[in-house]
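Quick note on numbering: this note's numbering labels position 67 of the sequence shown as 48, and the sequence is numbered without any gaps. All C-beta atoms in this analysis are idealised placements derived from N, C-alpha and C, irrespective of residue type, glycine included. Worksheet: the structure to be examined is printed underneath.
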Amino acid sequence: MEILKELLKVISLIVALVIFGVMFADVVKALALTIMILAFGGFLLLGIIGFFMEISHADNCVGCGICIREDEI
């Protein structure tokens, strides 16, 4: 009877770990997707800023490096 109780504990622990692993995998997947979306949005924002800086590029360029002009390479 004692062995059966220990076996039940082990089985319940394995089931709990499997459920936690599935939930944790969903959290990691959602976190990775969020990071990818934020990174893409950041690159898109830098591209838009660079585009408008290229249009309005004046002699007072501070050299921040967002817009890379072909004649400066």
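Residue i, DSSP secondary structure in three states
i	result
residue 17	helix
residue 3	helix
residue 43	coil
Alpha-carbon to alpha-carbon, residue j and residue i
i	j	result
residue 18	residue 2	24 Å
residue 5	residue 13	12 Å
residue -11	residue 0	16 Å
residue 29	residue 22	10 Å
residue 54	residue 43	Low per-residue confidence applies at residue 54: pLDDT is 48, beneath 50, and the placement is therefore not dependable, though the value from the model is reported in the following sentence. Near 16 Å, if we compare the C-alpha coordinates of residue 43 and residue 54.
residue -7	residue -14	10 Å
residue 24	residue 7	26 Å
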